[in-house]
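Each protein sequence line maps, in turn, to chains A and B.
The first sequence begins at 2 in the numbering used here and counts up by one.
The second sequence begins at 2 in the numbering used here and counts up by one.
We put the CB at the ideal spot given by N, CA and C, even for glycine.
If you're wondering where the values come from, they're calculated on a predicted model, not measured in any experiment.
There are 2 protein chains.
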Amino acid sequence: MAQSSPNISCGNCPIRHNAVCAECDKDELAALEAAKSYRSFAAGEPLAVSGEALTHFSSIVSGCASMSRTLEDGRRQTVGLLLPSDFIGRPGRATAAYDVVALSDTVVCRFERRTFDGLVRDTPHIATRLLTMTLDELDAARDWAVVLGRMTAREKVAAFLVSLIRRRAAATGQGEPAGDVAVALPLSREAMSDHLGLTIETTSRQITAMKKDGLIQAINTRAFRIPSFEALALIAGEDDDGGPIA
Amino acid sequence: MAQSSPNISCGNCPIRHNAVCAECDKDELAALEAAKSYRSFAAGEPLAVSGEALTHFSSIVSGCASMSRTLEDGRRQTVGLLLPSDFIGRPGRATAAYDVVALSDTVVCRFERRTFDGLVRDTPHIATRLLTMTLDELDAARDWAVVLGRMTAREKVAAFLVSLIRRRAAATGQGEPAGDVAVALPLSREAMSDHLGLTIETTSRQITAMKKDGLIQAINTRAFRIPSFEALALIAGEDDDGGPIA
DNA sequence: CGTGACATTGATGCCTTTCAAGTAGGGTGG
DNA sequence: CCACCCTACTTGAAAGGCATCAATGTCACG
Numbered sequence: 002m003a004q005s006s007p008n009i010s011c012g013n014c015p016i017r018h019n020a021v022c023a024e025c026d027k028d029e030l031a032a033l034e035a036a037k038s039y040r041s042f043a044a045g046e047p048l049a050v051s052g053e054a055l056t057h058f059s060s061i062v063s064g065c066a067s068m069s070r071t072l073e074d075g076r077r078q079t080v081g082l083l084l085p086s087d088f089i090g091r092p093g094r095a096t097a098a099y100d101v102v103a104l105s106d107t108v109v110c111r112f113e114r115r116t117f118d119g120l121v122r123d124t125p126h127i128a129t130r131l132l133t134m135t136l137d138e139l140d141a142a143r144d145w146a147v148v149l150g151r152m153t154a155r156e157k158v159a160a161f162l163v164s165l166i167r168r169r170a171a172a173t174g175q176g177e178p179a180g181d182v183a184v185a186l187p188l189s190r191e192a193m194s195d196h197l198g199l200t201i202e203t204t205s206r207q208i209t210a211m212k213k214d215g216l217i218q219a220i221n222t223r224a225f226r227i228p229s230f231e232a233l234a235l236i237a238g239e240d241d242d243g244g245p246i247a
Numbered sequence: 002m003a004q005s006s007p008n009i010s011c012g013n014c015p016i017r018h019n020a021v022c023a024e025c026d027k028d029e030l031a032a033l034e035a036a037k038s039y040r041s042f043a044a045g046e047p048l049a050v051s052g053e054a055l056t057h058f059s060s061i062v063s064g065c066a067s068m069s070r071t072l073e074d075g076r077r078q079t080v081g082l083l084l085p086s087d088f089i090g091r092p093g094r095a096t097a098a099y100d101v102v103a104l105s106d107t108v109v110c111r112f113e114r115r116t117f118d119g120l121v122r123d124t125p126h127i128a129t130r131l132l133t134m135t136l137d138e139l140d141a142a143r144d145w146a147v148v149l150g151r152m153t154a155r156e157k158v159a160a161f162l163v164s165l166i167r168r169r170a171a172a173t174g175q176g177e178p179a180g181d182v183a184v185a186l187p188l189s190r191e192a193m194s195d196h197l198g199l200t201i202e203t204t205s206r207q208i209t210a211m212k213k214d215g216l217i218q219a220i221n222t223r224a225f226r227i228p229s230f231e232a233l234a235l236i237a238g239e240d241d242d243g244g245p246i247a
């Protein structure tokens, strides 16, 4: 069950320089320290349920969660993969728009909704950071629309791996990945398929085929070695500059 | 060719209460009046080109534009349909992330990029409004991901018509559409297909089939009568409360 | 060592794409 | 004013990719 977690100091926080608090100075941080609390969720637990009250604004500190919507007949589409520093909720809204589920054990740093609304209103450094992050998320969502709308199953799987590897590298302060890289999948084939708009079977078959083609090597079912990141990115529909093909 | 257009007063502006300026008071508006300029684009003209410099932050005043990305082999996905009050550009970025093309004759109200960056920094009412709009756009982009990833061709077409009708109603200050409604398509079958992640042929076939089923009636190729908005929304995967199905 | 969740593999069918041809509407020039 | 033409749209036939249904395999855990 979801549990409160002991507070850690913002100074030691792993997402200190990437989350909504990234631009805050010492004084502002003190105000956040006073208002924040931590909570941990086990893999599979819901952090939010679409349509229901969302009492807190949360930032992922560690772990991984998916944001998704499920249609009446069971079809499900993940609309975002939440990694450390990503946020859940929005100012001025009391209801969750999507289901959010922990994919692995996850810790969040959170603020009561009304408290956070006040922080956004009174702390320009939070407001501007939130705007930047939201604009980034918007670009990411739009980029993903290209994947969902126009790419083949194989391209989708490659694009997913590429984006996962890129985000990992960015989060650890590394530059653009290159050459031989490893990637651990924080999610099941089902969660992956929901993200890609594919069935589990199609996803699995594409992975198998990509192994046969030497694009990826299985370390285990949830971890791959990628002999050539560039080759993978090429399949994902990108030129070798790291951007989408002109 | 793109042309400068005579300025109109913010007081008479059709998007005064919906655009980034919506929350501005009289004094702030005066600053905007001084900095703004208008420009008009004929249908088919580019407002922005992906990867190239974007010198201005623009708001659509009238008309309609599409934001899209084209892959090397010609596959194209529209990532956003821009209607009056929607904006193009983002603070602090000098390069366009997507292609933006006018679908019909379009007028924009715009600010030089650096001027706008200053306005966002110094005018809280603009910053907060921009945040709200960006969060709304993010939700819309995520909602559309469900359509692209999990819906059938027919559902996609229905969802598109529903969203178009809803946006029209919202822009003209009406509530939720109901019963017998008409809708004028501001775009070609091709642009529509790019938005839906379908081919022109599939889109056309679905429209034909929906006519046969009595869901829509052709006024002409670019305008339909919808005998029952509710019936259309149901096909688009929504319950009759206007929200996505639980 | 049995059990259950997760993943892979196989066979088949269907929806969408692809390739191709035909139709309709709008504008132009004779 | 009408024939012509260009573009946009529609319709048809066939192919292909992904989904569906079904079974088998694998690993962790009790």
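Q: Measure the Cβ-Cβ separation of A:F230 and A:V182 and say whether it is below 8 Å.
A: Locating residue 230 of chain A in the first sequence gives position 229, where the first residue counts as 1. Locating residue 182 of chain A in the first sequence gives position 181, where the first residue counts as 1. Yes, the pair counts as a contact, with Cβ atoms nearer than the cut-off.
Q: Report the rounded CA-to-CA distance for B:D241 versus B:V148, giving the unit in angstroms.
A: In the second sequence, the residue the question calls residue 241 of chain B occupies position 240. In the second sequence, the residue the question calls residue 148 of chain B occupies position 147. With a pLDDT of 49 at B:D241, under the threshold of 50, the modelled position of this residue cannot be trusted, and the question is left open.
Q: Please determine if the stretch 96–104 of chain B and the stretch 40–57 of chain B are in contact, where contact requires at least 3 C-beta pairs separated by less than 8 Å.
A: yes
Q: Could you tell me whether the stretch 110–117 of chain A touches the stretch 56–73 of chain A, where touching means 3 or more Cβ pairs closer than 8 Å?
A: yes
Q: Check B:P125 in the structure and name its three-state DSSP category.
A: Counting from one through the second sequence, the residue named residue 125 of chain B turns up at place 124. Three-state result, B:P125: helix.
Q: Output, in sequence order along the chain, the residues in the stretch 139–165 of chain A whose CB is closer than 7 Å to any CB in chain B.
A: L139, D140, A142, R143, W145, A146, V147, L149, G150 and R151
Q) Measuring CA to CA, which of A:V163, A:L82 and A:S63 is closest to A:P15? A) Counting from one through the first sequence, the residue named residue 15 of chain A turns up at place 14. The residue with the shortest Cα to Cα distance from A:P15 is A:S63.
Q: For B:L131, go through chain A and note every residue whose CB falls closer than 8 Å to its CB, in chain order.
A: As a working note, residue 131 of chain B is residue 130 in the second sequence. In chain order: L132.
Q: Apply the 10 Å Cβ neighbour rule to B:P85 and answer buried if 16 or more other Cβ atoms are within range, or exposed otherwise.
A: Taking the first residue of the second sequence as position 1, residue 85 of chain B is located at position 84. Answer is buried; the Cβ neighbour count reaches 16.
(Q) Can you list, in chain order, the residues of its chain with a C-beta nearer than 7 Å to that of A:S5? Leave out the 5 residues immediately preceding and following it. (A) Counted from its first residue, the first sequence places residue 5 of chain A at position 4. When the five nearest sequence neighbours on each side are left out, the beta carbons in the same chain lying within less than 7 Å of the beta carbon of A:S5 are those of S38, Y39 and R40, in order along the chain.
**Q.** Bridge-paired residues (DSSP) for A:L82
**A.** Residue mapping note: residue 82 of chain A aligns to position 81 of the first sequence, counting from 1. Answer is A:S67, bridged to A:L82.
Q.
Using the Cβ count rule (16 or more neighbours within 10 Å means buried), how would you classify B:A20?
A. For the purposes of this step, residue 20 of chain B is taken as the residue at position 19 of the second sequence. B:A20 comes out buried.
Q: Measure the alpha-carbon distance for A:R130 versus A:L139 and round it to whole angstroms.
A: As a working note, residue 130 of chain A is residue 129 in the first sequence. As a working note, residue 139 of chain A is residue 138 in the first sequence. One C-alpha to the other measures close to 14 Å.
Q. Along the stretch 176–208 of chain B, what residues have a CB closer than 8 Å to any CB found in chain A?
A. L197 and G198
Q.
Which same chain residues end up closer than 8 Å to B:E34 when comparing Cβ atoms and leaving out the 5 residues on each side of it in sequence?
A. As a position in the second sequence, residue 34 of chain B is number 33, starting the count at 1. Around B:E34: N8, S10 and C11.
Q: Grab the span of the alpha helix (DSSP H) containing B:S41 for me, first residue to last.
A: Position 40 of the second sequence, counting from 1, holds the residue named residue 41 of chain B. That residue, B:S41, is in no alpha helix (DSSP H); its beta strand (DSSP E) goes S38 to F42.
Q: State the Cα-Cα distance for the pair A:L199 and A:V108, rounded to the nearest angstrom.
A: Position 198 of the first sequence holds residue 199 of chain A. Position 107 of the first sequence holds residue 108 of chain A. About 29 Å.
Q.
When you compare the CB positions of B:E156 and B:A237, do they come within less than 8 Å of one another, or not?
A. Working through the second sequence from its first residue, we reach residue 156 of chain B at position 155. Working through the second sequence from its first residue, we reach residue 237 of chain B at position 236. Going by C-beta atoms, B:E156 is nearer than 8 Å to B:A237.
Q.
In this structure, how does DSSP classify B:V292 when only helix, strand and coil are distinguished?
A. Residue coverage of chain B in this structure runs from 2 to 247, which leaves residue 292 of chain B outside it and unanswerable.
**Q.** Residues from the stretch 61–76 of chain B in contact with chain A, defined by Cβ distance under 9 Å
**A.** M68, S69, R70, T71, L72, E73, D74 and R76
**Q.** Inter-residue spacing [alpha-carbon to alpha-carbon] between A:D195 and A:T222
**A.** Counting from 1 along the first sequence, the entry for residue 195 of chain A is found at position 194. Counting from 1 along the first sequence, the entry for residue 222 of chain A is found at position 221. Rounded to the nearest angstrom, the two C-alpha atoms are 17 Å apart.
Q) Is the distance from the Cβ of A:A192 to the Cβ of A:S67 below 8 Å? A) Sequence index remark: in the first sequence, residue 192 of chain A carries index 191 (1-based). Sequence index remark: in the first sequence, residue 67 of chain A carries index 66 (1-based). Yes; because the gap between Cβ atoms is below 8 Å, this pair is in contact.
Q: Take the Cβ of B:E239 as the centre, count every other Cβ of all protein chains shown within 10 Å, and call the residue buried at 16 or more, exposed below.
A: Position 238 of the second sequence, counting from 1, holds the residue named residue 239 of chain B. B:E239 is buried by the Cβ-count criterion.
(Q) Excluding the 5 residues flanking A:A224 on each side, which residues of the same chain have their C-beta closer than 8 Å to its C-beta? (A) As a first step, residue 224 of chain A must be located in the first sequence, where it is residue number 223. These residues qualify, in order along the chain: A183, V184, A185 and L186.
Q. B:R91 touches chain A at which residues, Cβ-Cβ below 7 Å?
A. Residue numbering aside, residue 91 of chain B sits at position 90 when the second sequence is read from its first letter. Neighbours of B:R91 on chain A, chain order: L136.
**Q.** chain B contacts from the stretch 118–129 of chain A (Cβ-Cβ distance under 9 Å)
**A.** V121, R122, P125, A128 and T129
Q) Within 10 angstroms of its Cβ, does B:T276 collect 16 or more other Cβ (buried), or is it exposed? A) Residue 276 of chain B falls outside the range modelled here, since chain B spans only 2 to 247, and no answer is possible.
Q: Using a cut-off of 9 Å between C-beta atoms, extract the partners of B:A98 located in chain A.
A: Residue 98 of chain B sits at position 97 when you count from the first residue of the second sequence. Near B:A98 (Cβ distances below 9 Å), the residues of chain A are D140, R143 and D144.
Q: Give a yes or no on whether the minimum CB-CB distance between A:G238 and chain B is below 8 Å.
A: What you label residue 238 of chain A is simply residue 237 of the first sequence in a count that begins at 1. Taking Cβ atoms only, chain B reaches closer than 8 Å to A:G238, which makes this a yes.
Q: Identify the continuous beta strand (DSSP E) that holds A:T209 and give its terminal residues.
A: Within the first sequence, the letter at position 208 stands for residue 209 of chain A. Unbroken run through A:T209 is the alpha helix (DSSP H), I201 to K213; no beta strand (DSSP E).
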